[in-house]
Structure formats: C-alpha cells, structure tokens
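Structure first, then comments.
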Amino acid sequence: MSKNWPLWEIFVRSKNGLEHRHFGSLHAADAEMALENARDVYTRRSEGVSIWVVESVNITASNPEHNGELFEPAHDKVYRHPTFYELPDEVKHM
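Just so we're aligned: 63 in numbering that gives the first Met the number 0 is position 64 of the sequence shown, and the numbers increase by one with no gaps anywhere.
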C-alpha cells in the first residue's frame with residue numbers, strides 16, 4: 000500500500016459563474032477530505048458556491064500531439080456551427 004495520498008483535481012463554481020473551473024490540485028486521503036481541504040484552500044473568501052473533486056487518475060485527457068484529428072472542424076456538419084441564424088435577445092449565455 001502506498002504511503003502517499005492520491006492527487007485530486009479541484010473545480011469550483013464561483014457565485015457569478017455558470018460553470019466549474021479548474022482551481023488546482025491537492026493531495027487527500029479520500030473524496031470527503033479533498034472536498035473539505037478544497038473548501039479551505041480555494042474558497043476562503045466565500046467566492047464559491049459549488050466544488051467538484053475528481054481523483055486525478057480518473058481523468059482522461061487528449062494528447063496535444065494528436066490534436067489535429069480531434070479538433071479538426073467538421074465542415075460537412077454545418078449544424079455544429081450555427082452561424083446562419085440570429086439568437087433571440089431572450090437567450091443568454093451563448
């Protein structure tokens with residue numbers, strides 16, 4: 000058994016934000032400890048309304064060396080790029 004605690008990635012949603020943002024990483028014995036430590040470290044001034052903690056080993060990331068095939072625009076799928084219509088004023092956060 001390893002003596003090192005696992006690494007956790009911390010995501011915080013701010014009071015005026017709509018999404019969680021990566022704030023940093025920390026070591027903790029389990030998810031509950033990671034959540035409590037993240038609260039103490041990353042939201043000391045009450046700037047957050049929600050915290051996510053994800054053990055780093057559970058994150059799958061793309062390889063920047065192969066970003067061409069992953070991020071190439073899909074020119075044959077115009078519906079993915081809705082540039083042909085105007086958004087109504089009632090639609091926010093687009």
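Positions of the beta carbon are idealized from the N, C-alpha and C atoms, including for glycine.
- Partner residues in a beta bridge of Phe70, as assigned by DSSP, do not exist.
- In the DSSP annotation of this structure, Glu46 is not part of any alpha helix (DSSP H), being labelled neither H nor E.
- Three or more Cβ pairs closer than 8 Å define a contact, and the segment 2-11 meets that threshold against the segment 20-28.
- Counted as a single uninterrupted DSSP element, the alpha helix (DSSP H) harbouring Val40 occupies residues Ala30 to Tyr41.
- C-alpha of Glu64 to C-alpha of Ser55: approximately 21 Å in a straight line.
- Shown here, His21 sits in a strand according to DSSP, grouped into three states.
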